[in-house]
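For the sequence shown, this note's numbering begins at 12 and goes up steadily by one. C-beta atoms are modelled at their ideal positions from N, C-alpha and C, and glycine is treated no differently. Structure record follows, encoded as structure tokens.
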Amino acid sequence: MFNGSTGDNQYEGILPETGDYRIRVYLVRNAARRNEVANYRLEMIISDAGKDTAAANDAATTATTRAGQGDFDAKGQVPCAQHKGQPMGQCQFGVARAGGGTATVIVTWPDRRTRALFFVEGKFNSADTSQADGYPAYSATRESDLNMIRVGDERYEIPDAVIFGG
12 MFNGSTGDNQ
22 YEGILPETGD
32 YRIRVYLVRN
42 AARRNEVANY
52 RLEMIISDAG
62 KDTAAANDAA
72 TTATTRAGQG
82 DFDAKGQVPC
92 AQHKGQPMGQ
102 CQFGVARAGG
112 GTATVIVTWP
122 DRRTRALFFV
132 EGKFNSADTS
142 QADGYPAYSA
152 TRESDLNMIR
162 VGDERYEIPD
172 AVIFGG
């Protein structure tokens with residue numbers, strides 16, 4: 012259906028029919044022989060809902076794609092803590108907004124690692140957890156216009172102004 016090694020490295024589309032699909036992530040043979048490595052990100056949004064959900068998914072995909080390309084609407088700092096019991100410090104962030112409270116916030120730790128936080132209609136939706144970090148649980152609470160987010164032991168405070176602008 013799609014082969015990134017013969018064209019673009021990104022696919023967005025509608026599956027032609029219901030059923031099981033297989034995604035294969037691989038390094039081309041010549042690169043593997045040279046012991047090269049390649050960083051990648053795999054994100055899937057699957058929905059069989061109506062137009063409203065499809066429109067929200069399109070907006071979220073747009074914000075996520077822009078954030079992944081470093082095309083941010085705003086940059087700044089937000090309070091963050093990386094480890095349990097650690098006092099809050101400051102981390103750099105960039106946000107790509109798609110309107111209506113749909114946004115992707117990329118937080119960069121001092122050691123240059125990043126965490127993506129996804130918002131839909133102004134509410135925290137998910138984070139880019141992976142097998143490498145043990146798929147930590149994530150959650151969010153709100154106080155006034157502040158989103159307090161936990162991803163495993165990590166903590167973030169994301170004001171509504173970051174998500175909506177202003």
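- Assigned with DSSP and collapsed to three states, I117 falls in strand.
- Bridge partners of V131 according to DSSP: K134.
- With a contact defined as Cβ atoms closer than 8 Å, A85 and G176 qualify at about 7 Å.
- Scanning its chain for C-beta atoms nearer than 6 Å, with the 5 sequence neighbours on each side dropped, one finds around A151 the residues F135, N158 and I160, in chain order.
- Taking the Cα of G112 as reference, the smallest distance to any Cα among Q80, F130, V106 and M99 is reached at F130.
- Counting only the Cα atoms, A49 lies some 29 Å from Y167.
- Check the Cα spacing between T75 and each of P121, L128 and R44: the tightest is with L128.
- Under the criterion of beta carbons closer than 8 Å, R123 and G79 do not qualify as touching, at roughly 16 Å.
- Here K86 is bridged, per DSSP, to G105.
- In the displayed model, R166 falls within a strand according to three-state DSSP.
- Rounded to whole angstroms, the separation of the alpha carbons of G30 and C102 is 42 Å.
- Taken through DSSP and simplified to helix, strand or coil, I34 comes out as coil.
- Under the 10 Å beta carbon count, V116 is surrounded by 16 or more other beta carbons and is classified as buried.
- Shown here for V162: same chain residues with a beta carbon closer than 7 Å to its own, the five before and five after excluded, namely R126, A138, T140, P147 and Y149 in chain order.
- For the pair F83 and V106, the CB atoms are nearer than the 8 Å cut-off.
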